[in-house]
Each structure stands twice: as structure tokens, then as C-alpha cells.
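These protein sequence lines map, in sequence, to chains C and X. Read in order, the letters of the first sequence correspond to residues 1 to 245 in the working numbering. Read in order, the letters of the second sequence correspond to residues 246 to 639 in the working numbering.
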Amino acid sequence: MITIDSLSKTYNTGILMVEALKDVTMSVEDGDFLAVMGPSGSGKSTLMNILGLLDQPTGGSYRLDGVDTGSLDEDQQAALRNGKIGFVFQNFNLLPRLNTQRNVELPLVYAGVSRGERQTRAAAVLQSVGLLSHARHLPNELSGGQKQRVAIARAMINRPSLLLADEPTGNLDSASSYEIMALFQDLHRQGSTIILVTHEPEIAQLARQIIYFRDGRLVSSEKVEHPLDARDLLEEWRQEQGELI
Amino acid sequence: MRFGEMLALAVEGIWVNKLRSALTMLGMIIGVMFVIIIVTLGQSLNEQVAEEVEGMGANAFTLLAVTNEDGQRGRLTLEDCQFLETTIDSIEFVVPIAYANYTAAVETSRAKKGTTLIGTSPDYIKVDQMGFNQGRFFSEAENQVGRRVAVISQQMADDLFGPGSEAVGRTVRINRLPFQVCGVTKPQAALLGIEQSTTFIPVKTMLAMSDDKDIQQALARVKTGDQLQAATVQSVRILEMRHAVKGGFMTQTNEEALEQFSTILAVITSVFGALAGIALLVGGIGIMNIMLVSVTERTREIGVRVALGARRRDILTQFLVESATLAAIGGSLGMLLGIGFGALISVILEMPVVISLGTILFAFGFSSAIGIIFGLYPANRAARLNPIDALRYE
Ligand SMILES: Nc1ncnc2c1ncn2[C@@H]1O[C@H](COP(=O)(O)OP(=O)(O)OP(=O)(O)O)[C@@H](O)[C@H]1O
Ligand SMILES: [Mg+2]
Numbered sequence: 001m002i003t004i005d006s007l008s009k010t011y012n013t014g015i016l017m018v019e020a021l022k023d024v025t026m027s028v029e030d031g032d033f034l035a036v037m038g039p040s041g042s043g044k045s046t047l048m049n050i051l052g053l054l055d056q057p058t059g060g061s062y063r064l065d066g067v068d069t070g071s072l073d074e075d076q077q078a079a080l081r082n083g084k085i086g087f088v089f090q091n092f093n094l095l096p097r098l099n100t101q102r103n104v105e106l107p108l109v110y111a112g113v114s115r116g117e118r119q120t121r122a123a124a125v126l127q128s129v130g131l132l133s134h135a136r137h138l139p140n141e142l143s144g145g146q147k148q149r150v151a152i153a154r155a156m157i158n159r160p161s162l163l164l165a166d167e168p169t170g171n172l173d174s175a176s177s178y179e180i181m182a183l184f185q186d187l188h189r190q191g192s193t194i195i196l197v198t199h200e201p202e203i204a205q206l207a208r209q210i211i212y213f214r215d216g217r218l219v220s221s222e223k224v225e226h227p228l229d230a231r232d233l234l235e236e237w238r239q240e241q242g243e244l245i
Numbered sequence: 246m247r248f249g250e251m252l253a254l255a256v257e258g259i260w261v262n263k264l265r266s267a268l269t270m271l272g273m274i275i276g277v278m279f280v281i282i283i284v285t286l287g288q289s290l291n292e293q294v295a296e297e298v299e300g301m302g303a304n305a306f307t308l309l310a311v312t313n314e315d316g317q318r319g320r321l322t323l324e325d326c327q328f329l330e331t332t333i334d335s336i337e338f339v340v341p342i343a344y345a346n347y348t349a350a351v352e353t354s355r356a357k358k359g360t361t362l363i364g365t366s367p368d369y370i371k372v373d374q375m376g377f378n379q380g381r382f383f384s385e386a387e388n389q390v391g392r393r394v395a396v397i398s399q400q401m402a403d404d405l406f407g408p409g410s411e412a413v414g415r416t417v418r419i420n421r422l423p424f425q426v427c428g429v430t431k432p433q434a435a436l437l438g439i440e441q442s443t444t445f446i447p448v449k450t451m452l453a454m455s456d457d458k459d460i461q462q463a464l465a466r467v468k469t470g471d472q473l474q475a476a477t478v479q480s481v482r483i484l485e486m487r488h489a490v491k492g493g494f495m496t497q498t499n500e501e502a503l504e505q506f507s508t509i510l511a512v513i514t515s516v517f518g519a520l521a522g523i524a525l526l527v528g529g530i531g532i533m534n535i536m537l538v539s540v541t542e543r544t545r546e547i548g549v550r551v552a553l554g555a556r557r558r559d560i561l562t563q564f565l566v567e568s569a570t571l572a573a574i575g576g577s578l579g580m581l582l583g584i585g586f587g588a589l590i591s592v593i594l595e596m597p598v599v600i601s602l603g604t605i606l607f608a609f610g611f612s613s614a615i616g617i618i619f620g621l622y623p624a625n626r627a628a629r630l631n632p633i634d635a636l637r638y639e
């Protein structure tokens with residue numbers, strides 16, 4: 001699905017050049033579930049932005065499903081962001097003026113889907129993240145975990161094959177984090193390719209493979225031998241909380 | 246994204262910031278309102294004058310005595326009118342007009358009023374058609390013998406004898422001399438709302454009231470329009486001979502008068518129009534300003550939309566539609582106010598109310614265009630935003 005070859009990204013801040021990514025070569029297969037780890041400033045977000053076609057590399061190549069993304073024009077890139085890629089952010093990035101349903105519908109608006117069909121499909125994804133009852137709520141009427149579920153519903157609605165999540169649980173408590181991870185695991189089971197950035201080893205253990213970055217380089221990659229089930233962790237956590245009380 | 250949805254989105258955005266949007270629109274509202282008022286009044290005034298000229302007959306012209314280059318002044322007398330009427334075949338009749346260059350006093354035991362006093366001949370009603378509520382215009386016989394009869398306006402009759410009173414046959418004093426009222430005219434469309442309280446008396450009577458034997462103007466009518474030009478030239482030549490003053494006479498056809506008026510009106514309209522245009526410009530800059538603020542405020546929203554698949558074009562149109570909608574709503578409100586005030590002023594000034602579809606469409610199109618032009622820069626700025634920076638914007 002993804003092939004990147006000697007990828008590099010240099011930010012020119014005027015005074016100094018920051019090499020955010022240095023000579024990164026890797027590939028991701030269809031149906032992979034990848035956790036990206038590494039210290040702050042190691043280039044994880046930079047990689048995600050390039051993979052999500054929000055940013056361009058300064059060197060090397062990025063092929064998505066066999067297409068060299070460097071040769072695409074802006075409209076073609078927009079079409080890929082709209083149809084093939086789903087993006088989930090650490091800070092949710094829901095539009096504050098739109099209610100849950102209309103936030104979820106957004107990618108379909110740019111895909112030119114009719115209002116009626118948008119509503120049906122929004123209802124379906126909201127159902128799958130368990131928030132159909134909150135369709136009319138505004139973002140500021142939702143908890144952090146609920147907001148992130150809405151964001152995932154929005155990322156999923158156009159049935160993208162690639163789901164990119166940059167620290168999706170970074171702003172959430174444990175319970176909400178497990179709930180979000182359970183959703184990702186469901187999506188993975190249904191065939192989606194998922195790449196998520198996290199600082200928490202426990203979260204990374206819920207993926208199938210972990211890659212490590214340091215100073216803009218991909219330093220190691222390991223397979224998760226015994227992937228855990230997020231729902232089990234959630235259950236365990238709840239019991240612990242119960243014992244504490 | 247479909248246009249209808251863009252529009253709905255824009256209206257939503259405008260509605261969320263009601264106060265801000267209203268203040269922004271104010272410039273457009275005022276600008277468009279003034280444009281509409283000015284154009285409406287201009288058209289209305291033109292219409293009224295055209296009607297008036299029409300009423301006088303297109304075949305009429307005015308004769309005036311003027312001072313020539315050597316400082317000699319031409320004269321006009323009753324005999325001149327008579328002479329022109331009989332010697333020039335194409336001329337149907339010549340109406341003498343003598344007026345006092347002061348406001349004459351008309352009084353009864355009940356009231357005293359000022360009036361414009363005009364001495365003329367019965368032919369006058371052929372060039373200035375007027376209706377009568379009571380009585381009639383004075384006759385040629387009354388004019389010939391210089392009888393003291395007067396035609397007064399309805400307003401004057403009400404003031405002098407009390408509303409609804411019979412006035413014909415009763416006596417009024419004009420400049421202390423007793424006159425018998427022979428007719429009461431219907432109120433005429435007053436030019437610019439100036440109530441024309443004109444009193445007509447026979448020209449012979451008028452001249453007898455003072456030592457002056459001259460009249461100030463003469464109105465001549467030719468039988469057919471194609472004779473007009475020749476008749477004016479002929480009249481001037483004859484008058485110059487009769488009084489031996491070269492260049493002491495001037496003519497003006499009603500067409501010329503109308504043209505002159507239209508030219509003056511066009512100049513006035515364009516001056517005020519330009520001022521209103523500046524108001525519109527300021528309105529446009531206000532819109533640009535608020536759109537720039539809006540783009541900055543919604544930087545993150547723009548980033549999110551791009552991340553979800555919006556093309557630069559989608560972002561550009563979203564903001565353009567929003568600024569055009571803002572301007573068009575402002576323009577429409579201004580148009581409604583302009584039509585309202587324009588009509589109100591027309592009614593108050595007793596002018597015909599003219600509302601042209603062209604003006605309405607122009608105001609709407611023009612304000613939308615202003616919205617698009619002044620929205621272009623902010624919208625372009627939004628569309629050029631780097632999505633990464635936009636998403637990171639706090
Ligand atoms: N727009 C930018 N301009 C200049 N330098 C940048 C820019 N974005 C990122 N960098 C630099 O690139 C490097 C990598 O940043 P990146 O955001 O990819 O790190 P990260 O691994 O996501 O860190 P964190 O875990 O804190 O999110 C950092 O040194 C950062 O300062
Ligand atoms: Mg990061």
C-alpha cells in the first residue's frame with residue numbers, strides 16, 4: 001500500500017535548517033496496523049503529514065497504492081485525502097459550529113454526495129462508534145472521548161483504505177483511550193490499514209507492529225507478538241477502579 | 246460542493262456573527278440606499294418636468310428680452326405679441342406673460358396671503374392646461390377692457406374664504422385693488438413640492454396697475470413642429486427690427502428647456518452618485534476587512550477542511566460566496582430602504598414615484614460584484630493557506 005524510499009524532510013526556519021526526517025525507507029502492506037513511537041521531535045508527525053498528503057517531502061519518494069504522490073497535482077491530492085485517507089488528530093479538530101452529524105458528513109460534502117445519502121451514511125458510522133444519540137450535539141457538548149469517536153467516524157465515513165492517527169489518545173484518559181483503540185482494532189479487523197502515533201507503550205501494544213523513530217531516522221521495527229484486545233484492557237481497568245472504591 | 250450548500254453555509258456564517266455582519270453591511274446598506282434614492286429622485290424629477298413640458302405642448306417656445314453685448318436691452322410689449330401673431334403665418338398664437346418681480350398680496354377681511362401674480366391672455370390655458378374646481382379662466386373680452394377679475398388657486402380660495410366656500414363672484418383685494426374671483430384652479434402637480442399659489446389676471450389689467458408698459462415673456466405656439474425652428478428665427482428678427490436692438494432677444498423651445506434641465510440633472514445626479522459610489526467603496530473595504538478577520542479566525546477550520554479533502558477552489562468559493570452574500574444582503578436592504586425613502590420623498594414633493602427594475606437589478610448586481618471583488622483577496626488568502634500551518638494555528 002505504502003512505499004517510501006529515502007524520504008527526507010528539511011524545514012528551513014530561516015536561521016537554521018531542521019532535518020525532521022532523514023533518509024527514511026519503509027513499506028506498509030494492506031491491512032497492517034502500525035504504531036509509530038519515538039521521543040518528542042523525532043519526526044513522527046512530520047511523517048504522518050507527508051503520508052496524509054498534507055505536506056510534501058524535500059527528498060525521496062512516496063508511493064501510495066503504486067502512484068508516485070510527487071507527480072500528483074493539488075486537486076488529485078485533495079481527491080486522495082478525501083477518498084483514500086482518513087485523518088484523526090490529537091486535538092480532534094471538529095468544527096465548533098457544526099453539530100456531530102454535520103462534522104461527520106464533511107468529507108462527503110467534498111465528495112459531492114447528496115444530502116440525503118450523507119445523512120444515511122453519517123447515521124451509520126455514528127451508530128458504529130456508539131454516538132448516534134449525540135448526532136445533534138455540538139462539539140463543546142461532548143467529552144474528549146466522545147469527540148475523538150466523532151472524529152474517527154468522520155475519518156471513516158468515506159471508507160478510506162488508510163487511516164492515519166497522530167496521538168489519537170494523547171488527550172484522553174485511560175478508559176477513553178481503550179475505547180478509541182477498540183474502535184481502531186475493529187476497523188483493522190474489517191481490513192483497514194492503520195498507522196498511529198503514540199507515546200504510550202501500552203497503547204502501542206494494541207497494534208500489530210511498532211516502529212521507532214529517533215532524530216528523524218527510522219531506528220527499529222518490531223512485530224507485536226501477542227497483540228492485546230483493547231476491550232479486555234478496558235474491562236480490567238474498570239475492575240481495578242471498582243476495587244479501589 | 247454545490248452552490249446551494251455554499252450559500253446556506255455562507256448565510257449560516259453571517260447569521261452566527263449577527264452584530265458583526267450587520268455592522269459590516271452598514272456601509273453597503275447606506276451606499277446602495279443613497280444610490281437608489283438619488284437615481285429614483287432624478288428619474289422622478291425628469292419625468293415630472295417632461296410631463297410639464299408635454300403639457301405645454303412640444304410646439305411652443307418662449308420669447309425673452311435680454312441685454313445685448315452693447316448693454317442695450319430688448320423690450321417686449323403687447324403690441325409685439327399681436328404683431329408676431331398676425332405677421333408670421335406659422336404661429337398659431339402668442340401669449341403675453343407679465344409678472345411682478347415681487348410677491349403680490351391678496352386679501353379679504355378674513356386673511357392676507359402672498360402670491361405669484363401673472364398677467365396673461367386667455368390663450369394661456371392652451372399652453373398650461375389647468376383644471377377648474379369653480380368658475381373659469383377670464384375671457385378675451387375681460388382682457389381687452391382690463392377688467393379686474395382674477396383666477397386663484399384652491400389653496401388660496403380656502404385661505405381667503407374658508408375651506409369649501411364658494412369663491413366665484415366674491416371680491417378679493419390684490420395690492421389693495423378690488424378684484425372679482427372668476428375661477429378657482431385645481432391643485433397642479435407642484436414642481437419640487439413648491440406649492441404654486443399663482444394668481445392669474447388679464448395682462449391689460451396687470452399693465453394698468455403699474456406704469457410699466459412692458460411684459461417679461463411671451464409664449465408662442467406654432468401650428469406644426471417642423472415650423473418651430475423657422476418661427477423662432479423669424480420672431481427674433483422681427484423683434485430686433487421693431488425695437489432696433491440687435492441681440493436683445495432670446496428664444497427657448499420647450500425641448501431645449503427640457504434638455505437643459507436634463508443636463509443639469511444628470512450632472513447633479515452623477516456628483517451625488519459618485520459620493521454614493523465612495524460610500525459603496527468604503528462598504529466594500531469594510532467587507533474585505535471583516536473577511537480577513539474571518540479567514541484568520543477560521544484558519545484551523547480551513548486546515549481541517551483541506552485535510553478532509555477540500556480543494557483550494559472549494560475554500561476560495563466558500564469565502565467568495567460568503568462575502569458576496571454579505572454584500573448582496575446589505576445591498577438588498579439598502580435597496581429596500583432606498584426605494585422606500587425615494588418613494589416617500591417623491592410623495593412628499595408630489596412627484597411621480599418612479600421605481601425602475603433596471604435600478605433594482607443594478608443595485609443587486611453591483612453590490613454582489615463589490616462583495617466578490619473585495620472578497621477576492623481574503624478568499625485567496627484562505628485558499629493559499631498551508632494546511633499544516635493552518636491545523637497548528639492556535
Ligand atoms: N513547520 C515547521 N517548521 C520548522 N520546524 C519544524 C516544523 N514542524 C516540525 N518541525 C521540526 O521538525 C522536527 C520534527 O517534528 P515533529 O513534529 O515531526 O516531531 P514529533 O515526533 O511529532 O514530536 P512530538 O512527539 O512532540 O509530537 C522537530 O525538531 C520540529 O521542531
Ligand atoms: Mg507530533
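Ideal placement from N, C-alpha and C gives every residue a C-beta, glycine not left out. Note that the structure is a prediction, hence the values are computed from the model and not measured.
G407 of chain X by DSSP, collapsed to three states: which one?
Per DSSP, reduced to three states, the secondary structure at G407 of chain X is coil, with no helix or strand assignment.
Boundaries (first-last residue) of the beta strand (DSSP E) holding V36 of chain C:
Note, V36 of chain C: beta strand (DSSP E), 33-37.
Round the Cβ separation of E337 of chain X and V467 of chain X to the nearest angstrom and send it over; I've been treating them as touching at under 8 Å.
About 6 Å; that satisfies the 8 Å criterion.
With three or more C-beta pairs closer than 8 Å as the rule, is the segment 82-94 of chain C touching the segment 44-64 of chain C?
Remark: three or more beta-carbon pairs, one from each stretch, lie closer than 8 Å, so the segment 44-64 of chain C and the segment 82-94 of chain C are flagged as touching.
Starting from A274 of chain X, find everything on chain C with Cβ-Cβ shorter than 9 Å and list it in chain order.
Checking the sequence shown, residue 274 of chain X turns out to be Ile, not Ala. Within chain C, no residue has its beta carbon less than 9 Å from that of I274 of chain X; the closest one is some 26 Å off.
Straight-line gap, L405 of chain X to M375 of chain X (C-alpha atoms, nearest Å)
For L405 of chain X and M375 of chain X, the distance between alpha carbons rounds to 21 Å.
Please report whether the beta-carbon of V109 of chain C lies at a distance below 8 Å from any beta-carbon of chain X.
Closer than 8 Å to some Cβ of chain X, the Cβ of V109 of chain C qualifies, so yes.
L164 of chain C and M26 of chain C - do their beta-carbons sit closer together than 8 Å?
Not closer than 8 Å, so no.
Taking 7 Å as the cut-off, is the C-beta of K223 of chain C nearer than that to any heavy atom in ligand 2?
The answer is no for K223 of chain C.
Looking at ligand 2, does it come within less than 7 Å of L166 of chain C, judged from the CB to the closest heavy atom?
Note on identity: in this sequence residue 166 of chain C is Asp, with Leu being the wrong assignment. D166 of chain C Cβ: within cutoff of ligand 2.
Can you find a C-beta in chain X that's less than 8 Å from the C-beta of A78 of chain C?
Closer than 8 Å: yes.
Which chain C residues are close to L553 of chain X, counting only those with a beta carbon under 8 Å from its beta carbon?
Chain C residues near L553 of chain X: R81, N82, F87, L106, P107, Y110, R154.
Taking the alpha-carbon positions, what's the K458 of chain X to L290 of chain X distance?
So the alpha carbons of these two residues sit roughly 36 Å apart.
CB contact flag (R556 of chain X, E74 of chain C, <8 Å):
Closer than 8 Å, so yes.
Selection from C:F33, C:V67, C:A20 that minimises the alpha carbon distance to L47 of chain C:
Comparing Cα positions, the closest option is C:A20.
Could you check if K263 of chain X belongs to the surroundings of ligand 2, using beta carbon to heavy atom distance under 7 Å?
K263 of chain X Cβ: outside cutoff for every heavy atom of ligand 2.
For G116 of chain C, which residues in chain X fall below 7 Å Cβ to Cβ?
Contact annotation for G116 of chain C against chain X: no contact, minimum CB-CB distance about 13 Å [criterion: below 7 Å].
Straight-line CA distance for F564 of chain X to K263 of chain X?
Those two C-alpha atoms are separated by around 17 Å.
Cα separation between G575 of chain X and G616 of chain X?
C-alpha separation (whole angstroms): 10 Å.
What residue does the beta strand (DSSP E) around D5 of chain C start on, and which one ends it?
For D5 of chain C, the enclosing beta strand (DSSP E) stretches over residues 2-12.
Starting from E19 of chain C and walking both ways along the beta strand (DSSP E), at which residues does that stretch end?
Where E19 of chain C is concerned, the enclosing beta strand (DSSP E) stretches over 17-28.
Whole-angstrom C-beta distance between M495 of chain X and A343 of chain X, which should lie under 8 Å:
In fact, because the Cβ distance is near 17 Å, the residues do not count as touching under 8 Å.
Going along chain C, which residues have a C-beta under 8 Å from L636 of chain X?
Near L636 of chain X (Cβ distances below 8 Å), the residues of chain C are L54, F89, N93.
What residues in the segment 557-576 of chain X bring their beta carbon closer than 9 Å to a beta carbon of chain A?
Note that chain A does not occur in the displayed structure, where the protein chains are C and X.
For ligand 2, I want to know if S177 of chain C counts as a neighbour, meaning its beta carbon is within less than 7 Å of at least one of the ligand's heavy atoms.
S177 of chain C: no, Cβ never under 7 Å from ligand 2.
Please report how far the alpha carbon of G428 of chain X lies from the alpha carbon of T285 of chain X, in whole angstroms.
Here the alpha carbon of G428 of chain X sits roughly 36 Å from the alpha carbon of T285 of chain X.
List the residues of chain C that P623 of chain X touches, going by C-beta distances under 8 Å, in chain order.
Within chain C, no residue comes near P623 of chain X; the closest Cβ sits about 19 Å away, beyond 8 Å.
Are the C-beta of E546 of chain X and some C-beta of chain C separated by less than 8 Å?
Using a Cβ-Cβ cut-off of 8 Å, E546 of chain X counts as an interface residue toward chain C, since at least one Cβ of chain C sits closer than that to its own.
Check G285 of chain X in the structure and name its three-state DSSP category.
Gly is not the amino acid found at residue 285 of chain X; the sequence shown has Thr there. Helix, per DSSP.
If you draw a straight line from the alpha carbon of S515 of chain X to that of E504 of chain X, how long is it in whole angstroms?
Whole-angstrom Cα-Cα distance: 16 Å.
According to DSSP, what are the bridge partners of Y62 of chain C?
Answer by DSSP bridge pairing, in chain order: C:I4.
Below 7 Å on C-beta distance, what does I590 of chain X contact in chain C?
At a C-beta separation below 7 Å, I590 of chain X has no neighbours in chain C, since its nearest C-beta there lies roughly 42 Å away.
Near ligand 1: A635 of chain X beta-carbon under 7 Å from a heavy atom:
Closer than 7 Å to some heavy atom of ligand 1: that does not describe the Cβ of A635 of chain X.
Confirm the yes/no value for this check: CB of K9 of chain C, any heavy atom of ligand 2, distance under 7 Å.
Checking the Cβ of K9 of chain C against ligand 2 gives no.
Quick one, are the C-beta atoms of G493 of chain X and R355 of chain X less than 8 Å apart?
Annotated as distal: G493 of chain X and R355 of chain X, with beta-carbon spacing of 8 Å or more.
Where N534 of chain X and L268 of chain X are concerned, what is the direct C-alpha to C-alpha distance, given to the nearest angstrom?
Going by the C-alpha atoms only, they are around 12 Å apart.
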